[in-house]
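Notes follow once the structure below has been shown.
Residue numbers (my numbering), protein chains in the order written: chain Z, 9 to 86; chain L, 16 to 648.
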């Protein structure tokens, strides 16, 4: 399955990052945070109001809003 | 800062770099004790922390840089880290070596920051923290192989227990002798994944498992219903503690200051000196100290929540709400604190990572209805709003008070949204929030942080508050008119006040504030209330020469006051409404201005806040005067 983003992955699903499409500063920051091509991500809970959502990757848990998560390209696993 | 000059010759300067929650501050404190020097970097709001450590016969100076996930800055505040490391900040020579703290449990992510630090080509050593937690989670790391794979010295420590510190102390004074990597890590961030993977292959024997406690607690804390209820409960408790618990201590301080002033009057007799010592000096010191209970309590709670790991969860729960007005979750807590008092509220914005959002929060915090407005509202509502019962226990007076609270909060949110789209519109900084594992708070660290904040307040804001309260005392006291001998004793205070500089200011201001229905007496009150909003009540009591400062007599006095020229009441419904609204908006508080100056490191933002809030206050007061006058005929 190709061409999806972290925002489109279902809660509880897994994916592997394939790239980051965002303005350069945002793209670099997301990559510095660990959203690097090749990284596996476990999708966690949404906040009570629906946004942001928890992503587990590289031994840490980071929350992103839909806007940033949509910039992270991912392939769904499993 | 002048300390650079006092640094002994030959001391080694080391920059301490690490991501938030990597144990950087714990390590800094373990190495330097409580001797941190705190200041600001020029032109930005970033706090500058340096500390000395004596090791053997030598001296090292540690520069504690703000926690960061990246050396690639997206704001002026973030750029400080990169600029200090490159020696580009005036008065801060480039460090001789860099110390990177890495949480052993999230080594995989931390290596991305290590890669950026290594690319600087400076002597670097790596300090692995939380190795005890790694072991507890079933993980295993080969320190020697990590050292080999990276090509730099690696020391494992448990900072709060002092394990590994001896080896680190031997290493730190000699950065020139640290081994260097044979090749720098790749420049392209995309290639760092492969680089980090190869390092992990060599050094990480066993990945740590899930942090069981964190998993279990987060099932509740992040649960849509349970998490929301918990958040509400924590916020109510937090508010209650800051609001109610601090009050007895503040009242006691107030009473103590008052008693001390009385004592002075008795000891020094009635004269200018006694007035100065009691009403100027002691009252000024009291004006500073009165904030301490709230600041100590608030910061203990904030740092506990932060260090335990709940702060990030609270921000997660409420983020969407704050996101609507362009702020993020943590701003909620600062704004909530501002209900008690804007001074600790503005200090609480330090937990907001984005400098722009932090500034917006600082600028709107004074709109939250602080406890100093209550005496003013109580006086005016008590005197002029009939105590009609509307519905059950809800009366008209309570409804008006509630309306004023809601108006303040609504205005804060609206102004934040406007600032976000206009004056402070900027490059979109991506939102991200790490949920760290829950950890037992190192109590020593909490007390150190709380003490540091209190000391910073006393030194930076306290001095300004003290000076301004003396100036205000001077305005209310000089020139010292001699009342005519036939004047009854009860009128002396009023006579002196009317003939003081503040009285003159009140008269001078009268044409400007007349459109709001305010006369010179209210003008004097407004000038005096710059010391603190509630001071207008005691000043009005003086102006109206009410024997006691008890509200009852003052209430009657202002109800009965009439304009000598027209014979009409001064406090018409329009004027009362205008004055109430004026106090909803106006930044009548030197302490808030002083703390804004301290937190933003410039007078520009306090001046901006004072200006825009005064404009809003005037506009609202003017509108209220005219609308209410038209309605009530």
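Using N, Cα and C, we set each Cβ at its ideal position, and we do this for glycine too. Please read these numbers as outputs of a predicted model, since none were measured by experiment.
Judging by CA-CA distance, which residue of the options is the nearest neighbour of residue i?
i: residue 381 (chain L); options: L:632, L:125, L:525; result: L:632
i: residue 45 (chain Z); options: Z:53, Z:28, Z:61; result: Z:28
i: residue 268 (chain L); options: L:285, L:255, L:297, L:252; result: L:297
i: residue 464 (chain L); options: L:490, L:435, L:321; result: L:321
i: residue 118 (chain L); options: L:317, L:149, L:109; result: L:149
i: residue 227 (chain L); options: L:200, L:151, L:625; result: L:151
i: residue 212 (chain L); options: Z:60, Z:42, Z:52, Z:76; result: Z:42
i: residue 344 (chain L); options: L:331, L:395, L:311, L:534; result: L:331
i: residue 368 (chain L); options: L:342, L:379, L:385, L:384; result: L:342
i: residue 608 (chain L); options: L:558, L:554, L:546, L:164; result: L:546
i: residue 398 (chain L); options: L:41, L:585, L:571; result: L:571
i: residue 62 (chain Z); options: Z:11, Z:22, Z:34; result: Z:22
i: residue 629 (chain L); options: L:644, L:602, L:642, L:405; result: L:602
i: residue 237 (chain L); options: Z:57, Z:13, Z:39; result: Z:57
i: residue 396 (chain L); options: L:405, L:386, L:255, L:416; result: L:416
i: residue 388 (chain L); options: L:225, L:647, L:541; result: L:541
i: residue 290 (chain L); options: L:392, L:508, L:588, L:645; result: L:508
i: residue 329 (chain L); options: L:493, L:242, L:525; result: L:242
i: residue 469 (chain L); options: L:230, L:312, L:286, L:288; result: L:312
i: residue 471 (chain L); options: L:621, L:66, L:310, L:90; result: L:310
Can you name, in chain order, every residue of its own chain whose Cβ lies under 7 Å from the Cβ of residue i, other than the five neighbours on each side?
i: residue 177 (chain L); result: 45
i: residue 34 (chain L); result: 82, 83, 84, 125, 128
i: residue 62 (chain L); result: 53, 55
i: residue 496 (chain L); result: 510, 511, 514
i: residue 210 (chain L); result: 130, 200, 201
In chain Z, which residues lie with their C-beta within 8 Å of the C-beta of residue i?
i: residue 243 (chain L); result: 56
i: residue 338 (chain L); result: 59, 73
i: residue 223 (chain L); result: 67
Which same chain residues end up closer than 6 Å to residue i when comparing Cβ atoms and leaving out the 5 residues on each side of it in sequence?
i: residue 636 (chain L); result: 531, 593, 596, 597
i: residue 565 (chain L); result: Summary for residue 565 (chain L): the model assigns pLDDT 49, below 50, so the residue's position carries little reliability; its value from the coordinates is reported in the next sentence. Excluding residues within five positions, none has a Cβ falling inside 6 Å.
i: residue 450 (chain L); result: 327
i: residue 639 (chain L); result: 592, 593, 596
i: residue 275 (chain L); result: 297
i: residue 131 (chain L); result: 86
i: residue 302 (chain L); result: 480, 484
i: residue 90 (chain L); result: 370
i: residue 35 (chain Z); result: 28
State yes or no: is the C-beta of residue i nearer than 8 Å to some heavy atom of the ligand PLP?
i: residue 106 (chain L); result: Ligands displayed in this structure: none; no statement on the ligand PLP is therefore possible.
By Cβ distance below 8 Å, which residues in the same chain neighbour residue i in space, the five residues on each side in sequence not counted?
i: residue 104 (chain L); result: 56, 57, 95, 98
i: residue 562 (chain L); result: Any reading at residue 562 (chain L) must be qualified, since the residue scores a pLDDT of 44, below 50, and its modelled position is unreliable; the value itself is stated next. The residues are 505, 568.
i: residue 323 (chain L); result: 453, 454, 455, 456
i: residue 55 (chain Z); result: 61, 71
i: residue 525 (chain L); result: 533, 534, 535, 538
i: residue 641 (chain L); result: 589
For residue i, which residues in chain L fall below 7 Å Cβ to Cβ?
i: residue 53 (chain Z); result: 237
Residues of chain L with CB under 9 Å from residue i, in chain order?
i: residue 48 (chain Z); result: None at all; the shortest Cβ gap to chain L is about 10 Å.
i: residue 37 (chain Z); result: 84, 85, 87, 89, 444, 445, 447
i: residue 85 (chain Z); result: By Cβ distance, chain L contributes nothing, its closest Cβ being about 16 Å from residue 85 (chain Z), past 9 Å.
Starting from residue i, find everything on chain Z with Cβ-Cβ shorter than 9 Å and list it in chain order.
i: residue 449 (chain L); result: 41, 68, 69, 70, 71
i: residue 334 (chain L); result: 55, 57, 59, 60, 71, 73
Could you tell me which chain Z residues have their CB closer than 7 Å to the CB of residue i, listed as they occur along the chain?
i: residue 331 (chain L); result: 55, 60, 71
i: residue 456 (chain L); result: In chain order: nothing, as chain Z lies at least about 19 Å away.
Along chain L, which residues have their Cβ under 8 Å away from the Cβ of residue i?
i: residue 14 (chain Z); result: Neighbours of residue 14 (chain Z) on chain L: none; closest Cβ ~12 Å, over 8 Å.
Segment contact, 8 Å Cβ cut-off, at least three pairs: the region 450-459 of chain L with the region 275-292 of chain L: Cβ pair count under 8 Å is below three, so no.
Cβ pair count under 8 Å reaching 3, the region 197-206 of chain L against the region 22-42 of chain Z: At 8 Å Cβ cutoff, the stretches touch.
Chain L contacts from the region 18-34 of chain Z (Cβ-Cβ distance under 7 Å): Listed by position, the residues of the region 18-34 of chain Z near chain L (Cβ gap below 7 Å) are 33, 34.
Given 8 Å, three or more beta-carbon pairs between the region 606-621 of chain L and the region 466-485 of chain L: With contact defined as three or more Cβ pairs closer than 8 Å, the region 606-621 of chain L and the region 466-485 of chain L are in contact.
Within 9 Å of chain Z by C-beta, residues of the region 119-146 of chain L in sequence order: From the region 119-146 of chain L, only 120, 121, 122, 123, 124, 125, 126, 127, 128, 131 have a Cβ closer than 9 Å to chain Z.
The region 114-128 of chain L contacting the region 59-68 of chain Z, beta-carbon criterion three pairs below 8 Å: Contact between the region 114-128 of chain L and the region 59-68 of chain Z is present, because at least three Cβ pairs lie under 8 Å.
Contact set between the region 202-215 of chain L and chain Z, restricted to residues whose Cβ is under 7 Å from the partner: Those residues of the region 202-215 of chain L that come within reach of chain Z (Cβ to Cβ, closer than 7 Å) are 204, 205, 207, 208.
At least three beta-carbon pairs within less than 8 Å, the region 430-446 of chain L to the region 336-348 of chain L: By the Cβ rule, the region 430-446 of chain L counts as touching the region 336-348 of chain L, because three or more pairs are nearer than 8 Å.
Contact the region 216-229 of chain L vs the region 152-168 of chain L: 3+ CB pairs below 8 Å: The region 216-229 of chain L makes contact with the region 152-168 of chain L, as at least three CB pairs between them are under 8 Å.
Residues in the region 81-92 of chain L having any Cβ partner in chain Z nearer than 7 Å: Residues of the region 81-92 of chain L with a C-beta less than 7 Å from any C-beta of chain Z: 84, 85, 87, 89, listed in chain order.
The region 130-143 of chain L / the region 105-116 of chain L touching (three or more Cβ pairs under 8 Å): Three or more beta-carbon pairs drawn from the region 130-143 of chain L and the region 105-116 of chain L are found closer than 8 Å, and the two stretches are therefore classed as touching.
Interface positions of the region 353-370 of chain L facing chain Z (Cβ-Cβ less than 9 Å), listed along the chain: Taking 9 Å as the upper bound on Cβ-Cβ separation, chain Z lies near no residue of the region 353-370 of chain L.
Stretch pair the region 581-591 of chain L + the region 512-519 of chain L: three plus CB contacts closer than 8 Å: Contact between the region 581-591 of chain L and the region 512-519 of chain L is absent, because fewer than three Cβ pairs lie under 8 Å.
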